[in-house]
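Okay, structure first, notes after.
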Amino acid sequence: MEAAQIFAFLEVLALAGTWVWVMRRKRSTHGPRRKASIAGFILASFAIALNMILTLVMHVDSSDDVGTRIYYGLILLMTVLALASLVLGILGKGGTRIPTIVWSCIVLLTCFFTLVGIYKAMRATETGLLAPYSSRLQRLG
């Protein structure tokens, strides 16, 4: 297992613990602001699930653009879900408000670092830093 897979697995475990904590509190969910914070927490949970799928798709090596498009689509969907969750968490009220904001920020940070890694890899390819490795791979293939 790589570090990204371990981190995604720990995120899922921590999220499950947060769900247990939220469900045990048995607070009332009446009112639009409380429902907004619960909806935001659900969106953040979906974003964490997409992050787990993203770590599995990340290692698929496809020669066509389908794998790349799925990868970028999942990053975009994760970002949109996290932003929507953050807005609902800020507007929400109740016991799920803080976990919603925290998990949204975690997902946004994950998306940010993923995009920074993609940018660095693209820059390394453009500047020729990976050229010695690609020539070795061409000789092997």
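So the number in our numbering is just where the residue sits in the sequence shown, counting from 1, plus 1128. Note that beta-carbon positions come from the ideal geometry of N, C-alpha and C, so glycine has one too. Computed from a predicted structure; not experimentally measured.
Between which two residues does the alpha helix (DSSP H) harbouring residue i extend?
| i | result |
| --- | --- |
| residue 1139 | 1131–1153 |
| residue 1183 | 1160–1185 |
| residue 1220 | No alpha helix (DSSP H) contains residue 1220, which DSSP labels as neither H nor E. |
Which whole-angstrom value is the C-beta distance of residue i and residue j, which I expect to be below 8 Å?
| i | j | result |
| --- | --- | --- |
| residue 1176 | residue 1143 | 5 Å |
| residue 1224 | residue 1165 | 5 Å |
| residue 1211 | residue 1168 | About 10 Å separates the two Cβ atoms, so there is no contact after all. |
| residue 1178 | residue 1205 | 6 Å |
| residue 1185 | residue 1199 | 6 Å |
Give the single residue among the options whose Cα lies nearest to the Cα of residue i.
| i | options | result |
| --- | --- | --- |
| residue 1237 | 1203, 1148, 1250, 1226 | 1203 |
| residue 1232 | 1209, 1132, 1253 | 1209 |
| residue 1234 | 1151, 1171, 1152, 1161 | 1171 |
| residue 1113 | 1226, 1248, 1250 | Summary: the structure shown does not reach residue 1113, with the chain confined to residues 1129 through 1269, and so no result is reported for it. |
Look at residue i and residue j and say whether their C-beta atoms are less than 8 Å apart.
| i | j | result |
| --- | --- | --- |
| residue 1213 | residue 1228 | yes |
| residue 1136 | residue 1207 | no |
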